[in-house]
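Student: This is the structure I want to talk about, given as C-alpha cells.
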Amino acid sequence: SKDNGVHASQAVSSGYSAGQEVPIQSWQSVSDIINQLESRDSTNRRDALAALIACLDAAEPPEPLPQPLSQLEIRRICDIFTRLFTETNGRLAQLFMEALARFVTRYHADLHDWLYVLLTRLLTRLATECLASQAARVQAASDAVMSAFPADLLLRQLLHSLIDHSQPALPGLQAHSLRLLLQLLPRLEPGALRPAPDTRLAVSRLALMARDEPAARRLLTGLARLNPAAMAALARAMPEGLRARLAEAAGTACCGNGTDSPPEGDRSSSSPGSIPDGPSPPPPPPALSSEPPANLWPGDASRRSNGEQRPKVLPLARPGSLGFHGNSRNGVGKSAADDRLRRWAERQAASQVPPPDSALVRLLKDLNNSQSLSHEDRKDRLQNLHSLLREKSIDSWDEHFKSVLLVLLETMGDGESDVRAASLTALQELLTAQPTRFADFLELTLLKILEAHADSDRAVSRAAEGCAKVAATRLPADACLRALAPIAQLYPIPNPQDSTASAVILAALKAETRLTQSADAEQLRRQLTDLCPGLVRCCDHQESAVRKAAIFCLVQLYLRVGECLLLHLTELSATRKRLLQLYICRATSGDGAN
C-alpha cells in the first residue's frame, strides 16, 4: 500500500543513517527500488540508493532479492547511474558512489559494454570534484572499477579515452587518465598491448604529450618494457617525426628491426635501429612521409589480410581532426600537442619547397605561417592559391601536392568562417585538378570534408557540400565507399543537443548514395557486407533526415545490385523493411526514390 511505501522509505532512510541494517523486506521488489532511483524527489532517490546498497552488500540476498539481478534490471541501473554522475546533492552523491562500487564489484562480468561510459564519467568526476570528502569517495569507486575488470579491457578503454575528442576538455582529465593507466601497468600481461588502430592513435598521442607530461613518458616506457615487439610494430606504423618522439620518450624499445628512426638530433647512419649515446652530425631534412599514423577505423587490418588495399591517411593531421571536440568546427580549442605537431609539419613542408621564386612556394610559406597573417591576408592567400589551381599553372606536383593538401586541411580549422570556406573552395579545385594523387590521403580528406558539413556558418557548409559532390565524381567510387562505410556504423549516436555527429553522418549517407550511382555493380555486391550494417543502424537514427537518407541509399543500392541486398538486411526492423519496400516499388515503377 501507499502507507507501507512511505513507511518503508522512512525506515530505509533512518536505518541507513544510523548504520543499522536496512529493512529491505519493506520494498516490494527490485523494480520498486529501481523505479524510486528514477524519482524526481531526491529523498526517494536517496532511500532507493540506501536500499540498493544493502541488497548488494548481502552475501546471500534476502527477500526481495532471492536471485541475482536480471539483465534488464542491470541495464536500467546502468542507465540511471550514468545520469547520477551529474548529481550535485552531496549526500546523494555519497550514496551513489558507494552503490556504484558495490554494483561494479558484484556484477562486473555483465558490465563490459558499459565500461567505457563508466570510465569516462568517473574521470570527468575526478577532474571536477572540489570537495576532498567527495573526491575520496569518487576515488574509492574508481579503485573498485580498476580492480574488478580485466586489465586488458581496462587498457583498451583508457587508451581510447585519450583519443576521444568528444570528451570534455577539462584541466585534470588527462592527468587522471595517465594515473589510472600507470596504476594498471603492473597487472598487464604482454599480450594486452596489441597494435590495434586505437592503440596506434593513443600511443601517438602519448608521444606528443611526453615532452610536457612525465607521466606519459613513464607510461610509454612501461608499455615498451611490457611488450617491445608490439611497441616496435606501433612505431613502424607512425610517420618519422612521431616515431622519433616515441623513441625519445620510451627509449630503444620502440625501435624495431632497424626500420625506425631515432629521435631528432640523435641519428646515426652506422646504426639505424638504435639510438647512439654520443653526438651525431645534423640530420638531413626529413621528407614528408605518406605513411599513415594509424588506421582511422576498425576492420582495416582484416581488409588488408584479404588482399584489399586501403587508402592511406595523411600523417600530419591534427589529432582533433579525427573526431569531435567542443569547438572543432570553429577552429578553436587546439591543444599544445596540436601546435607542436603543426610546427613539425611546417618544418617538413619548408624542407621540401623548391626555389623561392615560385608563386606557389611563396603562398605555401605564408600559409604555413598563417598565425602571423591577418584575417584578410589569409583569405587573400587562399584565393590566390585557388587561382593557381584553376589555371593549372603548377607543373611540379610530385614536390608540392602533399604540402598544398596539408595547408588546405589545416586552414579548414581556421577561426574565421570565410577562411574555412576559401580553403574548401581551393580543396575542391585541387580535387578537380589532381584526383589521382589523393589515393594515399583519401580517407582523411573525406572525413575533413564531412566534418565541415557541421560548420555553424552556412557559407562553409555550402562549400563543403560542393566539395563532397566533386569528390564523389572525381575520386574512385569503390575506395570512397570503403572509407565512408564505417562512419555510419561507428560514429556515436549524438545527444539531442548535439547536431554535429548527425550532420557528418547525413553528409556521409548522401555521399554514399551518389557514389552508389556511379560504382561498378559487381564491386558494390562485394562491399555490401561493409555498407549495410551502418545503413541499417542509421534507419533507426533519432534524426528523421538521417533515417530518410539511409532508406534512399538502400533503395539506390537495390536498384544497382538487386535482390542480393535483402540478404544483408536481416537486422532491419519489420517497419523499416515495409518502408524500404514501398520506396523500392516507387523507384522501380518510375516515381523515383528522391
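UniProt numbering numbers the first residue of the sequence shown as 1 and each following residue consecutively.
Beta carbons are placed, not taken as given, at the ideal position from N, Cα and C, and that holds for glycine.
Use the C-beta contact count for A232: other C-beta atoms within 10 angstroms, 16 or more gives buried, fewer gives exposed.
Tutor: As a position in the sequence shown, residue 232 is number 232, starting the count at 1. Buried: at least 16 other Cβ atoms inside 10 Å.
Student: Would you mind sorting E248 into buried or exposed? The rule is 16 or more other CB atoms within 10 Å of its CB.
Tutor: By one-based count along the sequence shown, residue 248 stands at place 248. By the neighbour-count rule (16 or more Cβ atoms within 10 Å), E248 is buried.
Student: Quick one: Cα of R576 to Cα of L515, how far?
Tutor: The residue labelled residue 576 in the question sits at position 576 within the sequence shown. The residue labelled residue 515 in the question sits at position 515 within the sequence shown. The straight-line gap from Cα to Cα measures roughly 23 Å.
Student: Residues in the same chain with beta-carbon distance under 8 Å from N384, minus the five sequence neighbours each way, listed in chain order, please.
Tutor: Taking the first residue of the sequence shown as position 1, residue 384 is located at position 384. Answer for N384: A359, L363, listed in chain order.
Student: Helix or strand or just coil, what does DSSP make of F149?
Tutor: The count along the sequence shown starts at 1 and reaches residue 149 at position 149. Three-state DSSP puts F149 in coil, outside helix and strand.
Student: Can you give me the start and stop residues for the alpha helix (DSSP H) that K392 sits inside?
Tutor: As a position in the sequence shown, residue 392 is number 392, starting the count at 1. Unbroken run through K392: none, as it is neither H nor E.
Student: Do V555 and S502 have their C-beta atoms closer together than 7 Å?
Tutor: Here residue 555 is taken as the residue at index 555 of the sequence shown, counted from 1. Here residue 502 is taken as the residue at index 502 of the sequence shown, counted from 1. Contact: no.
Student: Looking only at C-alpha atoms, which of L409, L158, V470, C78 sits nearest to H108?
Tutor: Taking the first residue of the sequence shown as 1, we reach residue 108 at position 108. Among L409, L158, V470, C78, the Cα nearest to that of H108 belongs to C78.
Student: Do V138 and E73 have their beta-carbon atoms positioned less than 7 Å apart in this structure?
Tutor: Taking the sequence shown and counting its residues from 1, the one referred to as residue 73 is at position 73. Taking the sequence shown and counting its residues from 1, the one referred to as residue 138 is at position 138. No; because the gap between Cβ atoms is not below 7 Å, this pair is not in contact.
Student: Helix, strand or coil, according to DSSP, for G222 in the structure here?
Tutor: Counted from its first residue, the sequence shown places residue 222 at position 222. In the structure shown, G222 sits in a helix (DSSP, three-state: H, G or I).
Student: Which residues in the same chain have their Cβ closer than 7 Å to the Cβ of P68, if we skip the five residues on either side of it in sequence?
Tutor: As a working mapping, residue 68 is identified with position 68 in the sequence shown. Here the set comprises nothing.
Student: Any heavy atom of the ligand SAH closer than 6 Å to the beta-carbon of C480?
Tutor: Although the ligand SAH was asked about, the structure shown includes no ligands whatsoever.
Student: Please state whether the Cβ-Cβ distance between H568 and L528 is less than 7 Å.
Tutor: On the sequence shown, position 568 is the one that residue 568 refers to. On the sequence shown, position 528 is the one that residue 528 refers to. Yes.
Student: CB-CB under 7 Å to A488, same chain, minus the five flanking residues each way: which ones, in chain order?
Tutor: Position 488 of the sequence shown, counted from the start, is the residue given in the question as residue 488. Excluding positions up to five away in sequence, the list reads I505, A508, L509, G534, L535, R537, C538.
Student: Could you tell me whether the stretch 194-208 touches the stretch 165-176, using the rule of 3 or more Cβ pairs below 8 Å?
Tutor: With a cut-off of 8 Å, the stretch 165-176 and the stretch 194-208 do not count as touching, because too few Cβ pairs lie within range.
Student: Take V117 and list the residues in its own chain whose beta-carbon comes closer than 7 Å to its own, dropping the five residues that flank it on each side.
Tutor: Here residue 117 refers to the residue found at position 117 when the sequence shown is read from its first residue. T82, listed in sequence order.
Student: Can you give me the Cβ contacts of A136 inside the same chain, cut-off strictly under 6 Å, excluding the 5 residues immediately before and after it?
Tutor: Mapped onto the sequence shown, residue 136 falls at position 136. Answer for A136: no residue qualifies.
Student: How is H165 classed by DSSP in three states: helix, strand or coil?
Tutor: Against the sequence shown, residue 165 aligns to sequence position 165. Coil.
Student: Out of A479, A477, D540, which one is the CA nearest neighbour of A574?
Tutor: Mapped onto the sequence shown, residue 574 falls at position 574. The option with the nearest alpha carbon to A574 is D540.
Student: Could you give the DSSP three-state label for N368: helix, strand or coil?
Tutor: Along the sequence shown, read from residue 1 onward, the residue named residue 368 stands at position 368. N368 falls in the helix class under three-state DSSP.
Student: Would you kindly report the start and end of the unbroken alpha helix (DSSP H) that includes T120?
Tutor: Taking the sequence shown and counting its residues from 1, one reaches residue 120 at position 120. Start and end: 115-128.
Student: Any idea if N35 is buried or exposed, counting beta-carbon neighbours within 10 angstroms, 16 or more meaning buried?
Tutor: One-based indexing of the sequence shown puts residue 35 at position 35. Looking at its Cβ environment, which holds fewer than 16 other Cβ atoms inside 10 Å, N35 is exposed.
Student: Buried or exposed: which applies to N369, given that a residue is buried once 16 or more other Cβ atoms fall within 10 Å of its Cβ?
Tutor: Counting from one through the sequence shown, the residue named residue 369 turns up at place 369. The residue is exposed, with fewer than 16 neighbouring Cβ atoms inside 10 Å.
Student: Since A207 and L182 should fall inside the 8 Å C-beta cutoff, what is the C-beta to C-beta distance between them, to a whole number of angstroms?
Tutor: Start at 1 with the first residue of the sequence shown, and residue 207 comes out as number 207. Start at 1 with the first residue of the sequence shown, and residue 182 comes out as number 182. So it is not a contact: roughly 16 Å between Cβ atoms.
Student: Residues in its own chain within less than 8 Å of L579 by CB, not counting five upstream and five downstream?
Tutor: Taking the sequence shown and counting its residues from 1, the one referred to as residue 579 is at position 579. Excluding residues within five positions, the ones whose Cβ falls inside 8 Å are I551.
Student: So T120 and S147 are in contact, right, with Cβ under 8 Å, and what is the actual spacing, rounded?
Tutor: Residue mapping note: residue 120 aligns to position 120 of the sequence shown, counting from 1. Residue mapping note: residue 147 aligns to position 147 of the sequence shown, counting from 1. About 19 Å separates the two Cβ atoms, so there is no contact after all.
Student: According to the neighbour-count rule (16 or more other Cβ atoms, all chains shown, within 10 Å of its Cβ), is R40 buried or exposed?
Tutor: On the sequence shown, position 40 is the one that residue 40 refers to. R40 comes out exposed.
Student: For I163, which residues of its own chain have a beta-carbon under 6 Å away from its beta-carbon, when the five flanking residues on both sides are left out?
Tutor: As a position in the sequence shown, residue 163 is number 163, starting the count at 1. So the list reads L201, A202, R205, once near-sequence residues are dropped.
Student: Under 7 Å, do A472 and D530 count as touching if we go by C-beta distance?
Tutor: Start at 1 with the first residue of the sequence shown, and residue 472 comes out as number 472. Start at 1 with the first residue of the sequence shown, and residue 530 comes out as number 530. The answer is no: Cβ separation not under 7 Å.
Student: Taking T82 as part of the alpha helix (DSSP H), name the residues at either end of that continuous run.
Tutor: Position 82 of the sequence shown, counted from the first residue, corresponds to residue 82. From DSSP, the alpha helix (DSSP H) with T82 extends over 71-84.
Student: Excluding the five sequence neighbours on either side, which residues of its own chain have a C-beta within less than 6 Å of the C-beta of A141, listed in chain order?
Tutor: Along the sequence shown, read from residue 1 onward, the residue named residue 141 stands at position 141. Around A141: M97, L100, A101.
Student: Quick one: give me the first and last residue of the alpha helix (DSSP H) that P171 is part of.
Tutor: Counting from one through the sequence shown, the residue named residue 171 turns up at place 171. Run containing P171: none; DSSP gives neither H nor E here.
Student: Would you grab the beta carbon distance between A452 and A464 for me? Rounded to a whole angstrom, and I think it's under 8 Å.
Tutor: The residue given as residue 452 occupies position 452 in the sequence shown. The residue given as residue 464 occupies position 464 in the sequence shown. Yes, A452 and A464 are in contact; Cβ-Cβ is about 4 Å, under 8 Å.
Student: With a threshold of 6 Å on Cβ separation, who are the neighbours of L409 within its own chain once the five nearest residues in sequence on each side are excluded?
Tutor: Walking along the sequence shown from the start, residue 409 turns up at place 409. Cβ neighbours of L409 beyond the five flanking positions: K448.
Student: Can N89 and S133 be called in contact, C-beta distance under 7 Å?
Tutor: One-based indexing of the sequence shown puts residue 89 at position 89. One-based indexing of the sequence shown puts residue 133 at position 133. Contact flag unset, no.
Student: Helix, strand or coil for Y583? Go by DSSP, reduced to three states.
Tutor: Indexing the sequence shown from 1 puts residue 583 at position 583. Here Y583 sits in helix by DSSP.
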